[in-house]
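Residue numbers (the UniProt record's numbering): 1 to 307. Heads up, the beta-carbon is just placed ideally off N, CA and C, and yes, glycines get one too. Reading through the structure tokens given below for one structure.
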Ligand code: PSU
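Written out as structure tokens, the structure reads:
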């Protein structure tokens with residue numbers, strides 16, 4: 001179905017035909033979340049990590065008028081080395097338009113979920129989801145990632161919502177939307193660069209098989225929508241909350257002073273935090289994405305066993 005719109009890499013198609021686990025990966029983190037060449041190196045390492053854990057990686061992007069599910073080495077390199085300003089940042093609203101315009105598009109969490117679901121992939125690893133931005137009570141800036149989690153049946157593994165966001169409000173919206181937020185192996189909601197947020201996660205699971213079972217039961221019950229698995233950054237890579245708070249506040253104040261809005265907010269903040277931490281935030285971001293890829297591969301394997 002829709003083979004004219006969805007181009008699966010041969011490796012992905014073969015794994016699916018054989019019922020082997022596949023993990024979807026997003027591309028906005030490559031084009032808008034990290035600088036070149038660390039973005040390319042990270043994308044390659046994330047794919048290798050998924051493979052080492054026994055699953056097949058499927059990095060998703062829009063190129064040449066098609067949704068590409070699994071990128072070959074040349075396409076990944078081309079995407080990573082194109083300046084972010086020339087690549088569309090795709091959410092649900094932009095996906096069809098990007099195809100119609102035959103432009104290159106990087107998929108956010110929301111768009112990657114849609115494409116993964118269309119391609120029959122149920123597990124997806126990223127860094128951090130978008131959420132409710134601070135000051136949303138006046139700006140109305142709430143990431144479309146949250147609505148998508150409520151709507152599309154994909155299990156998303158993230159290290160929490162990025163700590164640049166309003167985490168209590170993000171949890172409230174996820175609860176209203178009926179999205180299960182499952183902390184892996186701890187009680188607290190992790191906060192992206194830090195293991196702790198000071199907030200208790202609504203749910204906790206310690207075994208990937210439980211996460212796979214819960215996804216299957218949601219389907220059987222007809223509940224619709226996905227699951228958010230929040231996986232704390234490895235201890236040796238984390239930057240403590242106490243260290244991150246002033247950095248995040250400064251970056252947010254600068255964004256406000258410069259009138260940064262809409263889709264450019266998250267990339268601006270990530271870049272400023274990178275500069276303010278002298279690159280440490282990027283080292284942490286890379287470590288947490290690799291960690292999420294490993295867990296997603298284990299969840300995908302448990303789902304494949306169940307199928
Ligand atoms: N994870 C990262 N870095 C990123 C992102 C995730 O480690 O840049 C991207 C994801 O694609 C997510 C997007 O969907 O940031 C959120 O953007 P916004 O706040 O504009 O919705």
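Out of 238, 242, 210 and 268, the CA that lies nearest to the CA of residue 251 is found in 268. Note on geometry: alpha-carbon atoms of residue 61 and residue 22 lie some 16 Å from one another. Here the C-alpha atom of residue 77 lies approximately 14 Å from the C-alpha atom of residue 29.
The ligand PSU has no heavy atom closer than 8 Å to the beta-carbon of residue 260. For the ligand PSU, no non-hydrogen atom lies closer than 8 Å to the CB of residue 150.
The secondary-structure analysis by DSSP pairs residue 194 across a beta bridge with 191.
Residue 110 places its beta carbon less than 9 Å from that of residue 148. Taking 9 Å as the cut-off, the beta carbon of residue 230 is found no closer than this to the beta carbon of residue 289. For residue 190, the CB stays at least 8 Å from every heavy atom of the ligand PSU.
Relative to the ligand PSU, the beta carbon of residue 289 is positioned inside 8 Å of a heavy atom. Contact holds between the segment 150 to 168 and the segment 218 to 236, because three or more Cβ pairs, one in each stretch, are under 8 Å apart. Burial of residue 171 is indicated by the presence of at least 16 other C-beta atoms within 10 angstroms of its C-beta.
By the neighbour-count criterion, in which 16 or more other beta carbons inside 10 Å mark a residue as buried, residue 42 falls on the buried side. Closest option to residue 247, judged by alpha-carbon separation, among 264, 222, 279 and 224: 279. In terms of Cβ geometry, residue 205 and residue 191 do not form a close pair [threshold 9 Å]. When distances are taken from the beta-carbon of residue 138 to the heavy atoms of the ligand PSU, even the shortest one reaches 8 Å or more. Annotated as proximal: residue 25 and residue 125, with beta-carbon spacing under 9 Å.
Residue burial is scored here from C-beta neighbours: residue 2 has fewer than 16 other C-beta atoms within 10 angstroms and is therefore classed as exposed. For residue 123, the uninterrupted beta strand (DSSP E) segment begins and ends at 123 to 125. Residue 270 places its beta carbon less than 9 Å from that of residue 285.
For residue 282, the uninterrupted alpha helix (DSSP H) run begins and ends at 280 to 306, by DSSP. Distance from the CA atom of residue 70 to the CA atom of residue 266, rounded to whole angstroms, is 25 Å. Remark: the shortest separation between the CB of residue 81 and any heavy atom of the ligand PSU does not fall under 8 Å. With distances taken between CA atoms, residue 174 lies nearest to 129 out of 212, 129, 84 and 193. Nearest in C-alpha terms to residue 217, of all of 91, 303 and 73, is 303. Per DSSP, residue 184 lies in no alpha helix (DSSP H); the unbroken beta strand (DSSP E) holding it starts and ends at 181 to 184.
In this chain, the alpha helix (DSSP H) harbouring residue 220 covers 208 to 220.
Per DSSP, reduced to three states, the secondary structure at residue 165 is strand.
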